[in-house]
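The sequence shown begins at 45 in my numbering and counts up one residue at a time.
By construction, the Cβ of each residue, glycine as well, lies at the ideal position given by its N, Cα and C atoms.
Since the structure comes first, as structure tokens, the remarks are kept for the end.
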Amino acid sequence: MGKVTVVTGGSRGIGAAVAVRLARAGHRVGIGYAQAAGAAEDTVRAVREAGGDAVAVRADVSREDEVDALFETVARELGAVTGLVNNAGVPGPLGRIAEQSVDDIRRVIDVNLTGAVLCARRAAQAMATSLGGPGGAIVNISSGAATLGGAGEYVHYAASKAGVDALTVGLSKELAADGIRVNSVQPGAIVTGIHATMGDPDRAWRVGRDVPMGRPGEPEEVAAAVAWLLSDEASYTTGAVLRVAGGR
Ligand code: NAP
45 MGKVTVVTGG
55 SRGIGAAVAV
65 RLARAGHRVG
75 IGYAQAAGAA
85 EDTVRAVREA
95 GGDAVAVRAD
105 VSREDEVDAL
115 FETVARELGA
125 VTGLVNNAGV
135 PGPLGRIAEQ
145 SVDDIRRVID
155 VNLTGAVLCA
165 RRAAQAMATS
175 LGGPGGAIVN
185 ISSGAATLGG
195 AGEYVHYAAS
205 KAGVDALTVG
215 LSKELAADGI
225 RVNSVQPGAI
235 VTGIHATMGD
245 PDRAWRVGRD
255 VPMGRPGEPE
265 EVAAAVAWLL
275 SDEASYTTGA
285 VLRVAGGR
């Protein structure tokens, strides 16, 4: 039977590292992405080079129909879904709340929070033992910002990630009897393209200098934590929020 895990936002950054790390742990991986088809195919290739199997599916996590299609395609191509990594996320441009456009604020909450809820809902439908599913595990990618607050940079992003952690707590209790564990990972500043998206390509190094470990993290360091939470080694771990942020 083996594990089949959907990784949203698996085309780049942390999601791509998670996909490859999971392949090395024996998962077949459904790679969701928003636009970067070429990058998603690169991740599929990297998964295959790691000895695994993968399929890439374009799916905006804020859209229910596309989330449904993502899960259906992965189940058809790779087998019954047993895991979800709710990783897709957008930060919007950096700035104080008074400078943010309402459209940018709505998009951040729509993708980061509504998207995570929609994917968790679809995963619960596919995996809950009371609905005939195999059970499984969900890892929600939150952020250190959920507790730091993101003041001056992106308070709405931080709020969306605090919502993701509340989702973890509630779902871990709701789905425990259905054989589904639910945990969060809160990365700190990780070296990916997300900082350029915010308008500050060097941000990870600037922020990383000030954390106790004195450096930003690498996507693979987040992927290792995700892989452990999805593994049978974490069989009694649910409702946990694991900080992967160099001590901050
Ligand atoms: P990234 O390099 O910018 O990659 C973002 C990924 O999300 C891409 O695969 C992108 O797809 C996908 N995506 C964006 N909007 C989407 C949507 N509406 N539907 C589906 N997929 C969508 O970001 P990252 O740094 O790896 O971040 C991954 C997660 O970690 C995010 O949730 C982020 O908030 C969180 N995080 C990151 C850091 C950090 O410092 N990097 C710190 C804390 C938390 P395309 O490639 O198709 O655009």
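- Counting every other CB atom within 10 Å of its CB across the protein chains shown gives I141 a total below 16, marking it as exposed.
- For the alpha helix (DSSP H) assignment, the uninterrupted runs of no fewer than 4 residues enclosed by the segment 94-151 are, from N- to C-terminal side, 108-122.
- With 16 or more other Cβ atoms inside 10 Å of its own Cβ, S187 counts as buried.
- In terms of side-chain proximity, the C-beta atom of A103 is found nearer than 7 Å to a non-hydrogen atom of the ligand NAP.
- With contacts defined by Cβ atoms closer than 8 Å, A119 and G76 do not form a contacting pair.
- The count of Cβ pairs closer than 8 Å, one atom from the segment 253-267 and one from the segment 284-292, reaches three, so the stretches are in contact.
- When DSSP states are grouped into helix, strand and coil, G196 belongs to the coil group.
- With a cutoff of 7 Å, S228 does not count as near the ligand NAP, since its C-beta is closer than that to no heavy atom of the ligand.
- In this structure, the C-beta of V152 stays at least 7 Å away from each heavy atom of the ligand NAP.
- Judged by the Cβ position, T241 qualifies as a neighbour of the ligand NAP at the 7 Å threshold, a heavy atom of the ligand being closer than this.
- In the structure shown, R292 falls within a coil segment according to DSSP collapsed to helix, strand and coil.
- C-alpha of L175 to C-alpha of A100: approximately 26 Å in a straight line.
- Contact annotation: G95 and A67 have beta-carbon atoms nearer than 8 Å.
- Judged by their CB atoms, L162 and E108 are nearer to each other than the 8 Å cut-off.
- Here DSSP, grouped into helix, strand and coil, assigns Y201 to helix.
- For A269, same chain residues with a beta-carbon under 6 Å away, outside a window of 5 residues either side, are V229, L286, V288 in chain order.
- Taking 8 Å as the upper bound for CB-CB distance, M171 and G159 are not in contact here, some 18 Å apart.
- Relative to the ligand NAP, A233 has its C-beta within less than 7 Å of a heavy atom.
- By the Cβ neighbour-count rule, A267 is buried, with 16 or more other Cβ atoms within 10 Å of its own.
- The C-beta of P245 has fewer than 16 other C-beta atoms within 10 Å across all chains shown, which makes the residue exposed.
- Scanning its chain for C-beta atoms nearer than 6 Å, with the 5 sequence neighbours on each side dropped, one finds around A78 the residues D104, in chain order.
- By the Cβ neighbour-count rule, V146 is exposed, with fewer than 16 other Cβ atoms within 10 Å of its own.
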